[in-house]
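S.K.: Residue numbers (the working numbering): 2 to 217.
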């Protein structure tokens, strides 16, 4: 069984596999539930996938690489397409920029208000480059304060979990440097710049996102 880094990235030994055709919330991503309360939806999506897969063997068909040198692939567990399961249950979105394979599954999850669709959230590709103009998705009754709650600097200034203490500094669209606690620049790196900062739960998590470790 591969190591599940987040809901759309796994390690098979030393091989990083990015599930193609979908985009799942980042491990530092915050969403709002049906009551308008903030929750760690990225971590929850990862845990849902781990629970679904349990100890079952995976079968993955690789189809290429992305800009971060991760292998793109379609995987099945117990005969079920993992990407389709994630999207249909609301734990990932169809990555329409690259594929139309899971649009019907996303429509189903939205209509049934499953997973992320039960409340309010930002599309993962928007979360990685979010700003005050980022569009909020979710259930029909998206809270009027959703934009403020999800985009507030305080929301991203603190780690989403006590176990997610690695800081990521995005320098450009295709470069990210991560800093571990105790590193020279760790304490200097402010995390309230939402458009260029990321929290990671492990080194594997950071490297799977295409980041490299700080040299100091």
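For glycine and all other residues, C-beta sits at the position ideal for the given N, C-alpha and C.
Can you tell me whether DSSP reads residue 113 as helix, strand or coil?
M.R.: For the purposes of this step, residue 113 is identified with residue 112 of the chain shown, where counting begins at 1. Residue state, collapsed to three classes: helix.
S.K.: Among 118, 72, 99, which has the Cα closest to the Cα of residue 108?
M.R.: For the purposes of this step, residue 108 is taken as the residue at position 107 of the chain shown. Of 118, 72, 99, the residue nearest in Cα terms is 118.
S.K.: If you drop the 5 nearest sequence neighbours on each side, which residues of the same chain put their C-beta closer than 7 Å to that of residue 147?
M.R.: Counting from one through the chain shown, the residue named residue 147 turns up at place 146. Closer than 7 Å at Cβ, skipping near neighbours: 33, 121, 137.
S.K.: Where do the ends of the alpha helix (DSSP H) carrying residue 6 lie?
M.R.: Position 5 of the chain shown, counted from the first residue, corresponds to residue 6. From DSSP, residue 6 is part of no alpha helix (DSSP H) but of the beta strand (DSSP E) over 4-7.
S.K.: Give the straight-line distance between the Cα atoms of residue 103 and residue 9, rounded to the nearest whole angstrom.
M.R.: Position 102 of the chain shown, counted from the start, is the residue given in the question as residue 103. Position 8 of the chain shown, counted from the start, is the residue given in the question as residue 9. Whole-angstrom Cα-Cα distance: 14 Å.
S.K.: What does residue 85 pair with, by DSSP beta-bridge criteria?
M.R.: Walking along the chain shown from the start, residue 85 turns up at place 84. Bridge partners of residue 85: none, in fact.
S.K.: If distances are taken between C-alpha atoms only, which option among 215, 151, 46 comes closest to residue 92?
M.R.: In the chain shown, counting from the first residue as 1, residue 92 sits at position 91. Per the Cα distances, 46.
S.K.: Of the choices 204, 198, 18, whose alpha-carbon is the least far from that of residue 67?
M.R.: The sequence position of residue 67 within the chain shown is 66, counting from 1. Comparing Cα-Cα distances from residue 67 to each of 204, 198, 18, the minimum goes to 18.
S.K.: I'd like to know whether the C-beta atoms of residue 13 and residue 199 end up nearer to each other than 8 Å.
M.R.: Stepping through the chain shown from its first residue, residue 13 is reached at position 12. Stepping through the chain shown from its first residue, residue 199 is reached at position 198. No.
S.K.: List, from N- to C-terminal side, the alpha helix (DSSP H) runs of 4 residues or more that fit wholly inside the region 27-85.
M.R.: For the region 27-85, whole alpha helix (DSSP H) runs of length 4 or above, ordered along the chain, are 42-54.
S.K.: In whole angstroms, what is the alpha-carbon distance linking residue 72 and residue 216?
M.R.: Locating residue 72 in the chain shown gives position 71, counting from the first residue. Locating residue 216 in the chain shown gives position 215, counting from the first residue. So the alpha carbons of these two residues sit roughly 26 Å apart.
S.K.: Do the region 122-129 and the region 72-81 meet, that is, are 3 or more Cβ pairs less than 8 Å apart?
M.R.: The region 122-129 is not in contact with the region 72-81.
S.K.: Nearest to residue 30 by CA position, among 208, 202, 214, is which residue?
M.R.: Taking the first residue of the chain shown as 1, we reach residue 30 at position 29. Ranking 208, 202, 214 by Cα distance to residue 30 puts 202 first.
S.K.: So what's residue 146 in DSSP terms, helix, strand or just coil?
M.R.: Here residue 146 corresponds to residue number 145 of the chain shown, with the count starting at 1. Residue state, collapsed to three classes: coil.
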